[in-house]
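Novice: Mind having a look at this structure? Questions to follow.
Number of protein chains: 2
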Amino acid sequence: MSASGSAPTVYDVAERSGVSIATVSRVYRNPESVRPETRERVLSVARDLGYVPSGNARGLASRSTGVLGLCFPDYSDPDAEAAEDMDDDAAMLYSDQIIRGMERAARRHGYALLIAASLKGGPESLVAKVAGRVDGFAVLARTVPTAELDVISRRQPVVMLAGPRENPDTADHLDHIEVANFDGQRELTRHLIEDHGVRRPAYIGSAEESPDVEARFRGFLAACRDAGVRAGGEPVLRVAMMTQAQGARAAEELCARAGERPDAFVFANDQMAVGALHALERRGVKVPGDVVVTGFDGIPLSRLVRPSLTTVRQPMLRMGEAAVELLVERLSGTRTGEPVSMMLPVTVVRRASCGCGEAEAARAAAR
Amino acid sequence: MSASGSAPTVYDVAERSGVSIATVSRVYRNPESVRPETRERVLSVARDLGYVPSGNARGLASRSTGVLGLCFPDYSDPDAEAAEDMDDDAAMLYSDQIIRGMERAARRHGYALLIAASLKGGPESLVAKVAGRVDGFAVLARTVPTAELDVISRRQPVVMLAGPRENPDTADHLDHIEVANFDGQRELTRHLIEDHGVRRPAYIGSAEESPDVEARFRGFLAACRDAGVRAGGEPVLRVAMMTQAQGARAAEELCARAGERPDAFVFANDQMAVGALHALERRGVKVPGDVVVTGFDGIPLSRLVRPSLTTVRQPMLRMGEAAVELLVERLSGTRTGEPVSMMLPVTVVRRASCGCGEAEAARAAAR
DNA sequence: GCGCTGTCTGTAAGCGCATACATCACTCTG
DNA sequence: CAGAGTGATGTATGCGCTTACAGACAGCGC
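Going line by line, the protein sequences match chains R and H. Every letter in the first sequence is one number past the one before it in UniProt numbering, and letter 176, counting from 1, is 176. Every letter in the second sequence is one number past the one before it in UniProt numbering, and letter 273, counting from 1, is 273.
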């Protein structure tokens, strides 16, 4: 039914148990301060009535919600229905891990988590909706106009995830968490060059603006330059979306191009690399024998494909957790003042697709 | 920063823009009803001030929050820290998919999603916290005492996910969504028997109570009986947790046992089956040559392991979506009265681990 | 000129709770 | 036995917003 009059309130409970609403409130907020018999009586009436304290009223009165928020972009496929059981599932990557990390950390601190993906053209902007309901929140880069964030961050803690500060002088109030994209990609690339003799690596980036991808590319370039390996100032290829399908297409194209085929496909993320692996297998191109392939992110999938994918693992779970820690610090007053900018380390994971990893593979199998 | 006095309110905006608070409110709730010039003036002041409407106050006044909730069990590993980069990642399965499904559907309907996993021994019960902040919510089976749910569901829409109604006479107010565990497992088992000549299948279940797992087992039994295949009244083995590690251990044990080895390991979920696959490979037991292995759930991983895993796919995303639909129906008054009980169909996915799937494998590779 | 209608805005009454403060009944102390 | 101290409860106010209702004012037909 879920509708017999409207929900009971403190008043109903108070009346039925012969106390004042203050006492009812105390039973929930501070049970010790109420005589046990009274407490029990109130609780029992509450149970009978099906009373549940209104979070809204609580929040209003106490000026805090006990909820943290997360805004992220809508990653869902345009043709989501069709993709239902395709590689949509494998797309369980970025936001999901962060959600999970945040949820865990939030729970530890007694917070719940409110999540919302951006909906293009909502009348009420996404943030406003979330911001009004939480004590503080995190935003995945490029989900929300920086200006809007800037306004909001004057009033409540906000942390920006992934992607460097977009505009150093306006986004002044935001705490900030990023990962070592540059370092990770550089180290991975150096490994390919030094340990596997790669000489003609091709970097495959994305057409859309992404500070992360750009940082990775710069890392790639740095390693090339250091080793005296030629590499253009631009990625060899930019794909529209960083999906498996696009990765496969990129591999096809790179193989079909005239001239010498690159001896390494360095992808800006794992998704594309996995797609490429499939495409190459289909074409009969051996990995890592004929060409080396690497990804970036360290999604679960990367360990499971054959050959297993050499990649750079981002600590996404930890990113979510770190976001919560930052928010909680702000909220508890442990930290005030200057926004911090945190850079999480990444780790290069050497597996079969670059030619490493017999040992690795054995260890993985041994699990 | 994030603290210069406290956040601005309607009053501040109203005063600064020379209108009443009612007008400010209208600017947000019903912009058309305010003269354009007035509206602009108000909005501009709001921007200057960094005004964001308080969700709490809104909710209180309007008696609705625009938020749906989800409570789920805490699946995290006991030794989470250690497991950080082990198969914890692959555990991205049940709750995550449902979260994603709900989030999408909720967004379509203009709701945000509040998620919270059960924390053992929190003072305020999980549900109470969530229930007080949302218009309606979904609960994964066995997350929350049924009695508590029953009370709450008298007051607001609640839908229970997965797992049959626990107690038909008390949980009367809940809408209910389950999947065809019985049918799915029966069909899968029949396939093994009829198409692959399996004669000594072993079912591996879980020690913990789970209506889903039981239903699957009954489906397994039904298929065996129908085909005149012997099968005890109990699973051959019950593991403590349905993890990869436990699945591997189960496989070991089944292989080590005296007597004839079963010709099929029928696992109650994919996780365990994947673990078993690894263990069997290590032992040099061929799948499906020496023994057939199947799972249940259809997690992404199942398609990626080698041999790819024959399983039963649960529409978990859809489950989340369906939950939202049910809630929204209740909330909008489209549906009232009797709780419904919805059973989502599952699909048997035949892949390599049962001996099918050369074609399948090819198709998968062709993607 | 009058009343009428319609548009825009203001007034005021809550929404359900938390909490400072007041009150009351006692118990202790000296 | 007065007065201070203590614990349990009640009173009253406000949190920031929505929304019925009322008021003001302009344009209309008569």
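We put the beta carbon where it would ideally sit given N, CA and C, even for glycine.
Any C-beta of chain H sitting closer than 9 Å to the C-beta of R:K129?
Specialist: Within the first sequence, the letter at position 129 stands for residue 129 of chain R. It does; some Cβ of chain H falls within 9 Å.
Novice: For a quick check, are the C-beta atoms of R:L140 and R:S95 less than 9 Å apart?
Specialist: Looking up residue 140 of chain R in the first sequence gives position 140. Looking up residue 95 of chain R in the first sequence gives position 95. Closer than 9 Å, so yes.
Novice: Can you tell me whether R:Y28 is buried or exposed? The criterion is at least 16 other CB atoms within 10 Å of its CB, across all chains shown.
Specialist: Here the question's residue 28 of chain R lines up with position 28 in the first sequence. Buried.
Novice: Quick one: which unbroken beta strand (DSSP E) runs of 3-plus residues sit fully inside the region 244-304 of chain H? Chain order, please.
Specialist: As far as the region 244-304 of chain H is concerned, its whole beta strand (DSSP E) runs of at least 3 residues are 264-267 and 292-294.
Novice: In whole angstroms, what is the alpha-carbon distance linking R:D226 and R:T243?
Specialist: Locating residue 226 of chain R in the first sequence gives position 226, counting from the first residue. Locating residue 243 of chain R in the first sequence gives position 243, counting from the first residue. Their backbone Cα atoms lie some 30 Å apart in a straight line.
Novice: From the beta carbon of R:G219, is the nearest beta carbon of chain H less than 9 Å away?
Specialist: Within the first sequence, the letter at position 219 stands for residue 219 of chain R. No, because no Cβ of chain H sits closer than 9 Å to the Cβ of R:G219.
Novice: For H:R154 and H:A131, I'd like the C-alpha separation in whole angstroms.
Specialist: Sequence index remark: in the second sequence, residue 154 of chain H carries index 154 (1-based). Sequence index remark: in the second sequence, residue 131 of chain H carries index 131 (1-based). Straight-line Cα distance between these residues: approximately 12 Å.
Novice: In the DSSP assignment, find the unbroken beta strand (DSSP E) run with H:P200 in it and report its ends.
Specialist: The residue you call residue 200 of chain H lines up with position 200 of the second sequence. At residue 200 of chain H the sequence reads Arg, which differs from the Pro that was named. Counting along the chain, H:R200 falls outside any beta strand (DSSP E), and DSSP gives it neither H nor E.
Novice: Could you spell out where the beta strand (DSSP E) holding R:L174 opens and where it closes?
Specialist: Taking the first residue of the first sequence as 1, we reach residue 174 of chain R at position 174. Run containing R:L174: none; DSSP gives neither H nor E here.
Novice: Here's the rule: buried if 16 or more other CB atoms are within 10 angstroms of the residue's CB, otherwise exposed. What is H:E194?
Specialist: If you number the second sequence from 1, residue 194 of chain H lands on position 194. The residue in question, H:E194, is exposed, as its Cβ has fewer than 16 Cβ neighbours within 10 Å.
Novice: Going along the chain, which residues of its own chain have a beta-carbon closer than 6 Å to the beta-carbon of R:R330, five neighbours each way excluded?
Specialist: Along the first sequence, one-based indexing puts residue 330 of chain R at 330. Cβ neighbours of R:R330 beyond the five flanking positions: P157.
Novice: Is R:I10 near R:D183, with beta carbons less than 9 Å apart?
Specialist: Taking the first residue of the first sequence as 1, we reach residue 10 of chain R at position 10. Taking the first residue of the first sequence as 1, we reach residue 183 of chain R at position 183. Note that residue 10 of chain R is Val in the sequence shown here, rather than Ile. No, these two residues do not count as a Cβ contact at 9 Å.
Novice: Under 8 Å by Cβ, that's how I've got H:V266 and H:T294 pegged, so tell me the actual separation to the nearest angstrom.
Specialist: Residue numbering aside, residue 266 of chain H sits at position 266 when the second sequence is read from its first letter. Residue numbering aside, residue 294 of chain H sits at position 294 when the second sequence is read from its first letter. Between H:T294 and H:V266 the Cβ distance is about 5 Å, and since that is below 8 Å, they are a contact.
Novice: Quick check: is any heavy atom of the ligand MN less than 8 Å from the C-beta of R:V42?
Specialist: No copy of the ligand MN occurs in the structure displayed, which carries no ligand at all.
Novice: Where does H:L309 fall in DSSP's three states?
Specialist: In the second sequence, the residue the question calls residue 309 of chain H occupies position 309. H:L309: coil per DSSP, three-state reduction.
Novice: On the DSSP bridge list, what partners appear for H:I115?
Specialist: Counted from its first residue, the second sequence places residue 115 of chain H at position 115. R:L113 and H:L70, per the DSSP bridge assignment.
Novice: Using a Cβ-Cβ distance cut-off of 9 Å, determine whether H:T38 contacts chain R.
Specialist: Against the second sequence, residue 38 of chain H aligns to sequence position 38. So no, H:T38 is outside the interface.
Novice: Using a Cβ-Cβ distance cut-off of 9 Å, determine whether H:V305 contacts chain R.
Specialist: Residue mapping note: residue 305 of chain H aligns to position 305 of the second sequence, counting from 1. Yes, H:V305 counts as interfacial toward chain R.
Novice: So the candidates are H:G59, H:G259 and H:C255; which of them puts its Cα closest to the Cα of H:K286?
Specialist: Within the second sequence, the letter at position 286 stands for residue 286 of chain H. It is H:C255 whose Cα lies nearest to the Cα of H:K286.
Novice: For a cutoff of 9 Å on Cβ pairs, would you count H:A231 as touching chain R?
Specialist: Within the second sequence, residue 231 of chain H is the residue found at index 231, counting from 1. Answer no: the Cβ-Cβ gap between H:A231 and chain R never drops below 9 Å.
Novice: Starting from R:G59, find everything on chain H with Cβ-Cβ shorter than 7 Å and list it in chain order.
Specialist: Mapped onto the first sequence, residue 59 of chain R falls at position 59. Within 7 Å Cβ-Cβ: N56.
Novice: Suppose contacts are defined by Cβ-Cβ distances below 9 Å. Is H:V328 in contact with H:H109 by that definition?
Specialist: Looking up residue 328 of chain H in the second sequence gives position 328. Looking up residue 109 of chain H in the second sequence gives position 109. The answer is yes: Cβ separation under 9 Å.
Novice: Is the beta carbon of R:L149 sitting closer than 9 Å to the one on H:A112?
Specialist: For this step, residue 149 of chain R is matched to residue 149 along the first sequence. For this step, residue 112 of chain H is matched to residue 112 along the second sequence. Against a cut-off of 9 Å, the Cβ pair of H:A112 and R:L149 comes out as no contact.
Novice: Looking at the C-beta of H:G66, does it have a partner C-beta in chain R at a distance below 9 Å?
Specialist: By one-based count along the second sequence, residue 66 of chain H stands at place 66. At least one chain R Cβ lies under 9 Å of H:G66.
Novice: Check whether chain R comes within 9 Å of H:I21, counting only Cβ atoms and requiring the distance to be less than that.
Specialist: Counting from 1 along the second sequence, the entry for residue 21 of chain H is found at position 21. So, not an interface residue.
Novice: Taking the C-alpha atoms as reference points, what is the distance between R:S33 and R:R26?
Specialist: Position 33 of the first sequence, counted from the start, is the residue given in the question as residue 33 of chain R. Position 26 of the first sequence, counted from the start, is the residue given in the question as residue 26 of chain R. Rounded to whole angstroms, R:S33 to R:R26 spans 7 Å at the Cα level.
Novice: Taking DSSP as the reference, what is the three-state secondary structure of H:R58?
Specialist: As a working mapping, residue 58 of chain H is identified with position 58 in the second sequence. Here H:R58 sits in helix by DSSP.
Novice: Just the chain R side, please: which residues come within less than 7 Å of H:V151 by C-beta, in chain order?
Specialist: Numbered from 1 along the second sequence, position 151 holds the residue referred to as residue 151 of chain H. Under the 7 Å cutoff, chain R gives R47 and G50.
Novice: Just grab the DSSP bridge partners of H:S125 for me.
Specialist: As a position in the second sequence, residue 125 of chain H is number 125, starting the count at 1. H:S125 is not bridged to any residue.
Novice: My assumption, with CB atoms under 8 Å, is that R:L68 sits in contact with R:G163. Please give the rounded CB distance.
Specialist: Within the first sequence, residue 68 of chain R is the residue found at index 68, counting from 1. Within the first sequence, residue 163 of chain R is the residue found at index 163, counting from 1. With a Cβ gap of about 20 Å, R:L68 and R:G163 do not count as contacting.
Novice: If you draw a straight line from the C-alpha of H:T143 to the C-alpha of R:R107, how long is it?
Specialist: Position 143 of the second sequence, counted from the start, is the residue given in the question as residue 143 of chain H. Position 107 of the first sequence, counted from the start, is the residue given in the question as residue 107 of chain R. Answer to the nearest angstrom: the Cα atoms are 15 Å apart.
Novice: Kindly say whether R:P53, judged by its beta-carbon, lies nearer than 9 Å to any beta-carbon of chain H.
Specialist: Within the first sequence, residue 53 of chain R is the residue found at index 53, counting from 1. By this cut-off, R:P53 is an interface position.
Novice: Let me confirm a value: residue 380 of chain R is counted as buried when at least 16 other C-beta atoms fall within 10 Å, else exposed. Which label applies?
Specialist: Here chain R covers residues 1 to 367 and nothing more, so residue 380 of chain R does not appear.
Novice: Within a Cβ cutoff of 6 Å, which residues of the same chain sit near R:R138, ignoring the five residues on either side of it in sequence?
Specialist: Translated into the one-based positions of the first sequence, residue 138 of chain R becomes position 138. Checking the sequence shown, residue 138 of chain R turns out to be Ala, not Arg. Taken in chain order, the residues that qualify are L70, V159, L161 and A323.
Novice: Taking H:A116 as the query, report the chain R residues whose CB atoms sit under 8 Å from its CB, ordered along the chain.
Specialist: Looking up residue 116 of chain H in the second sequence gives position 116. Per Cβ cutoff of 8 Å: E103, R107, A112 and L113.
Novice: Thinking R:G101 and R:E321 are a contact (beta carbons under 8 Å), I'd like their distance in whole angstroms, please.
Specialist: Along the first sequence, one-based indexing puts residue 101 of chain R at 101. Along the first sequence, one-based indexing puts residue 321 of chain R at 321. Indeed they touch by this definition, with Cβ atoms about 5 Å apart.
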